[in-house]
Amino acid sequence: QEANRARLALLSLLEDQKLVEQRLRASEARYRYLFEQNPAPMLIYERGSLRMLAVNDAFERHYGYARQDATALRLIDLYPEEERDRIRRLAETLHGYADVGEWHHRKKDGTLLTIVARSHDLEFDGRSARVAVITDITERKRIEQEIQDLNRQLEERVGLRTEQLEAANKELE
């Protein structure tokens, strides 16, 4: 009878363990799905080495890199040469959540993007890492520049017209 109780207790423990494992697998699948299917380009890089550990589908589509090519890169490989030292130094100091402002990334085809990156620490496959969500603001920056150019042209035209009106007023006087 004691052996039967021990056997039943062991079976109950095994069933509980299977249930916990099933829940863990389901949870991992949900989070993997959220990462993979996120519409924003996302990447995970290893702290220290800055080696890319994972990218999502949106990253592949937006940057033109196949997953295996992307994970052969280091984070700094996405940046133009003149920004690499600065991003390397910044990456060493980041902890917790960080919104580090505007940067530039180079797509596989060489196209330069203006981006905003938000990142956070995490452990990934037993490594100290950061996950980054990328927002491409290239089009917004282009439109802002157009607006600035139009404003400058308008100011020049207003200045010229003001000079013409002042000259006409003097002539009338």
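Here my numbering = 1-based position in the sequence shown + 203.
Note that CB positions come from ideal geometry on N, CA and C, so glycine has one too.
M245 vs I318 beta-carbon contact at 8 Å: no
Sub-8 Å separation of L281 and H323 beta-carbons: no
Contact set for L316: own chain, Cβ-Cβ below 7 Å, skip 5 residues either direction: H307, H308, K310, D339 and T341
CB contact flag (L278, A261, <8 Å): no
Boundaries of the alpha helix (DSSP H) in which L375 is found, first to last residue: T341 to L375
Counterpart residues of Y248 in DSSP-defined beta bridges: M255 and R333
H307 - DSSP class collapsed to helix/strand/coil: strand
Contacts around A301, its chain only, beta-carbon distance under 6 Å, and the 5 residues preceding and following it disregarded: S322
Whether A269 touches M255 by CB criterion (8 Å): no
V303 beta carbon near the ligand FMN (any heavy atom closer than 7 Å): The ligand content of the structure shown is nil, which means the ligand FMN is not present either.
Neighbourhood of F238 by C-beta, 7 Å cutoff - its chain only, sequence neighbours within 5 removed: M245 and N259
Span of the alpha helix (DSSP H) around H265: D260 to Y266
Collapsed DSSP secondary structure at A320 in the structure displayed: strand
Three-state class that DSSP yields for D302 in the structure shown: strand
Residue closest to E305, alpha-carbon to alpha-carbon, out of H298, T296, A320 and T314: A320
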